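Numbering (UniProt numbering), first residue to last: 1 to 483. All C-beta atoms in this analysis are idealised placements derived from N, C-alpha and C, irrespective of residue type, glycine included. Bear in mind that the values here come from a model prediction, so they are computed numbers and not experimental data.
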Amino acid sequence: MSTALIWFRRDLRLADNPALCAALEQAERVVPVYIHARDEEGDWAPGEASRWWLHHSLKQLGHDLAALGAPLVMRCGPSLDTLQELLRETGASQVYWNRLYEPDTVRRDTHIKQALQAQGVQVRSFNAALLLEPWVVQNRSGEPYRVFTPYWKACQAQGALDVSLQPRPGPGVLTAEGSRSDPLESLGLLPLIPWDAGLAKAWTPGEEGAHTALEAFLDRALADYGEARNLPDRLGTSHLSPHLHFGEISPRQVVHACQRAVAEGRHSGADASVKGFLGEIGWREFGHHLLFHFPHTPLQPLDARFEDFPWPPRDDDALRAWQRGRTGLPIVDAGMRELWATGWMHNRVRMITASLLTKNLLIHWREGARWFWDTLVDADLASNTLGWQWTAGCGADAAPYFRVFNPVLQGERFDPGGGYVRHWVPELKALPDKYLHKPWQAPESVLRGAGVRLGRDYPQPIVDLAASRRQALAAWETLRQSA
C-alpha cells in the first residue's frame, strides 16, 4: 500500500489544496503532518500575534482533518530530520507540499527536496498561495516588474483571474495510524503574557472562519468597497489578510467568490468596486513577486539610493510613544492602539502611522516593519516589506519621498465624524469634531468642557508636523544631490 506525507505549512485548509489533492490521487494512504521548526525562518520567525493565530488555526485544522479520518500529526524539530523520521515510521515513499516564497524558506525547501530525492523519495510541490507564481510574470525585457500597474495588467493578460478550484476531500481518505503527535500546546505558540483577549474577540482563525469572513464581506461591503475601504470607522474591507497569509483560504477562492457574486447579481453595478478589490489581491501578488526577485528588501531598500539616507540616531522615546499610541496625534494613536488590541490595523491608517514614523520622526522604516511583524496577525513578509518601503519612498512603485501624510488632514478627510478616533482614543471622545484630530488647537474652555487636560489626560504632539516635514524634505534633498 503506497503511503504519502502531506506536509502542511501555511496552507492550513482542506479545500482548493493542490498538494493534498495530488497526494490523495497518487497514494493509497495519506498522513497529514505539521512541523514546527521556528529556527528555519531566519530573521523572520513568526511574531507574537502570528503565533497566536497559528495555534488556533492548527487546532481547527486538526479538528477538520480528524473528521476526515486522521488527526494532524504535529512534531517539533528540524524539518528534514523530522520528515525522514516520519518516512521511516509510516513507510511513506512520497512527500507533498505547497510552495512558500520567502528567501529563507525557498533555500530550505530546495535543500529538503534535493536531500529526499537523493534518498529515493518522490517529492512534489505545488502553488496554493498565489494566482501566478513570482517567476511566471516578466516584462518585455525578461526582467521582474517594479511598478504595479503594468505588472497587474500582465498578470491578467496571463489569466490570473481565470480561476478553477479543486474539491475538498471527503471523509475516510486519510490515516495517521501509528504516527505519534506532539500536543499542540507543546509548540509554545500562545503568548506568556495574557494580552490576547482582544485577538480572540476580533478573529476566528481557521478555514471555516475564513469563509465566514469572505461571505460577510461579499454581503456587507463589496458593493461599496471603492469608497468604504478608506474609512477606518466602517467595516469596508475584507479582513481576509490573515486568512490568506496562513492559507486558510486561497486567492483563487476569493476571486471565484467575487466573480460568483457578480454573476448571481448580488452586486449589480458594482463593477468598479469588484475591480478595485481584485486589484488589492493583485497588490498581494506584487509583494511576493518583489520579495522573490529582490530577496534583500526586508532589510535593505529596493531603491539603492536610500542605502545612504541620513537617518539620525534613533529616538527611543519617540519610538515608544509611537508603539504605544501616545504620540498626541489622534488618528495615529487610534491606529496603534487598534493594532495592539486586535492584531490588525486599517490599511489607510497603516500608511498614516508609517509616514509619521519614517518622515516626521525620521525613524528607520525597519523599526516600524519589526513592530508590525510582531503585532500583526496578518504579518506577511512580502506585504509588510512592500508596505513599509512604499510609504518610506524607497521601494517599488513607492510614494514619492516628498509625499508626507499629514495626520490631521488625513483624519479629517477619512474619519470626519470621528468614530474611529473616539473608539480607540476614548479620552478625546467628548471633543467636538472641529478639534478631535488636532486637540492642541482647541481653546482651553473647549478642552475643559470635554474633560481633557493636554499633557495629562492625553499627550501634547511629540513632533511639530510642519517643521518635521521640512526636515524630512531637506534630508531627501541632501540624498538626491549626493546621488
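Could you give the DSSP three-state label for residue i: helix, strand or coil?
i: residue 74; result: strand
i: residue 31; result: strand
i: residue 358; result: helix
i: residue 68; result: helix
i: residue 167; result: coil
i: residue 345; result: coil
i: residue 448; result: helix
i: residue 271; result: helix
i: residue 481; result: helix
i: residue 429; result: coil
i: residue 248; result: coil
i: residue 438; result: coil
i: residue 133; result: coil
What's the C-alpha gap between residue i and residue j?
i: residue 183; j: residue 88; result: 21 Å
i: residue 214; j: residue 342; result: 19 Å
i: residue 134; j: residue 65; result: 30 Å
i: residue 242; j: residue 417; result: 29 Å
i: residue 333; j: residue 11; result: 34 Å
i: residue 434; j: residue 335; result: 20 Å
i: residue 363; j: residue 120; result: 51 Å
i: residue 424; j: residue 325; result: 10 Å
i: residue 103; j: residue 164; result: 28 Å
i: residue 376; j: residue 357; result: 17 Å
i: residue 431; j: residue 460; result: 15 Å
i: residue 158; j: residue 2; result: 37 Å
i: residue 453; j: residue 439; result: 10 Å
i: residue 398; j: residue 472; result: 16 Å
i: residue 111; j: residue 236; result: 43 Å
In the DSSP assignment, what are the bridge partners of residue i?
i: residue 3; result: 29
i: residue 292; result: Looking at the DSSP assignment, residue 292 forms no beta bridge with any residue, so it has no partner.
i: residue 454; result: 458
i: residue 8; result: 34
Could you please give the first and the last residue of the uninterrupted beta strand (DSSP E) stretch that includes residue i?
i: residue 123; result: 122 to 126
i: residue 94; result: 94 to 98
For the putative contact between residue i and residue j, defined by C-beta atoms under 8 Å, what is the C-beta separation to the nearest angstrom?
i: residue 18; j: residue 148; result: 27 Å between Cβ atoms; not a contact.
i: residue 394; j: residue 303; result: 5 Å
i: residue 379; j: residue 50; result: 5 Å
i: residue 37; j: residue 79; result: 5 Å
i: residue 436; j: residue 421; result: 6 Å
i: residue 402; j: residue 476; result: 6 Å
Going by DSSP, what residue range makes up the alpha helix (DSSP H) through residue i?
i: residue 420; result: 419 to 424
i: residue 384; result: 381 to 392
i: residue 259; result: 251 to 263
i: residue 113; result: 103 to 118
i: residue 242; result: 241 to 245
i: residue 236; result: Where residue 236 is concerned, there is no enclosing alpha helix (DSSP H), given that its DSSP letter is neither H nor E.
i: residue 304; result: Per DSSP, residue 304 belongs to no alpha helix (DSSP H) and is neither H nor E.
i: residue 463; result: Taken as a continuous stretch (DSSP letters only), residue 463 belongs to no alpha helix (DSSP H), as it is neither H nor E.
i: residue 202; result: 197 to 202
i: residue 82; result: 79 to 90
i: residue 150; result: 148 to 157
How about residue i: is its C-beta nearer than 8 Å to some C-beta of chain D?
i: residue 127; result: The structure shown has no chain D; it contains just one protein chain.
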